[in-house]
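Step one of this worksheet: look at the structure below.
Numbering (this note's numbering), first residue to last: 768 to 987.
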């Protein structure tokens, strides 16, 4: 799931994600039309819509040539998919996750790509922004901890580490909350795999034990 747009938008992301609760009634079935824009410098190059699950053969992967800085895909099934440029030309272009639910999805492919237009894609974009900002915060915290360690400031390093941990807990719980609000949708199921609340381990004798994913304590 790259921590980049999470600096000042944490509050804004929370507001946006809170608003997504109204979208939990289900996903939109029917034809999905993805209308995309990209720099005209990629005219004549192929761009792909690749399913997140299942075979990645020509039978399942859609592609088309960019024309006039635009491209369009149409799908009749609801699924998580990824939009990517031909690997020869994808440098500096960010792959983009989308949900092919019914309706019109507007996407822009660039160094930071985005999607909007349907409830799940609006929610996915909010989570993407939240995640990218979280990644930036983590990168900054790691740099600050390294600087403290270089100076021999173990107290400062510990403080920064704890602060980063607390922010990660907030991010993790927001992801879980959005997954719960959208649990009957493709996006909800996808987000639900990010931070499950429990996990299971099998011992040498074959016994399985379930643990709390936050405390790593066994659950009776």
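By construction, the Cβ of each residue, glycine as well, lies at the ideal position given by its N, Cα and C atoms.
Since we're looking at a predicted model, the values are computed, not measured.
Hey, out of 881, 944, 841, 922, whose CA is closest to residue 958's CA? 944
Expressed to the nearest angstrom, what Euclidean distance is found between the alpha-carbon atoms of residue 977 and residue 805? 47 Å
If you reduce the DSSP assignment to three classes, tell me which class residue 989 lands in. Because the chain in this structure spans residues 768 to 987, residue 989 falls outside the shown range and cannot be described.
Okay, do the region 915-927 and the region 948-967 touch, 3+ Cβ pairs below 8 Å being the bar? no
Buried or exposed, going by whether 16 or more other CB atoms sit within 10 Å of the CB of residue 970? exposed
In chain order, which alpha helix (DSSP H) runs of at least 4 residues are fully inside the region 817-889? none
I think residue 869 touches residue 801, with their Cβ atoms under 8 Å apart; what is that distance to the nearest whole Å? Contact flag wrong, Cβ pair sits at about 12 Å.
Exposed or buried, which one is residue 941 when buried takes at least 16 other CB atoms within 10 Å? buried
By the three-class DSSP mapping on this structure, what secondary structure does residue 805 have? coil
7 Å CB neighbourhood of residue 788 in its chain, flanking five on each side removed: Low confidence applies to residue 788: its pLDDT is 36, below 50, so where it sits in the model is not reliable, and the reading given next is rough at best. Residues 948 of the same chain have their beta carbon placed closer than 7 Å to that of residue 788, with the five preceding and five following residues left out of the count.
With a 10 Å radius around its C-beta and 16 neighbouring C-beta atoms as the bar for buried, classify residue 842 as buried or exposed. buried
Cα-Cα separation, residue 861 to residue 855: 14 Å
Reference residue 965, options 981, 956, 972, closest by Cα: Minimum Cα distance to residue 965 is reached at 981.
Burial state of residue 899, where buried means 16 or more other Cβ atoms lie within 10 Å: Residue 899 is buried by the Cβ-count criterion.
Give the secondary structure of residue 796 by DSSP, where H, G and I count as helix, E and B as strand, and everything else as coil. DSSP places residue 796 outside both helix and strand once states are collapsed to three, so it counts as coil.
I need the DSSP call for residue 914, collapsed to helix, strand or coil. helix
Taking the alpha-carbon of residue 880 as reference, which of 890, 872, 887, 863 has the nearest alpha-carbon? 863
C-beta contact flag for residue 810 and residue 833 at 7 Å: Yes, they are a contact pair.
Report all residues from its chain with a CB closer than 8 Å to the CB of residue 930; omit the five preceding and five following residues, and keep chain order. 908
Does the distance from the C-beta atom of residue 865 to that of residue 884 stay below 7 Å? no
Output the distance between the C-alpha atoms of residue 960 and residue 934, rounded to the nearest integer angstrom. Cα-Cα distance, rounded: 20 Å.
Among the residues of its own chain, which have a CB less than 7 Å from the CB of residue 888, if the five just before and after it don't count? Answer for residue 888: 865, 866, 872, 882, listed in chain order.
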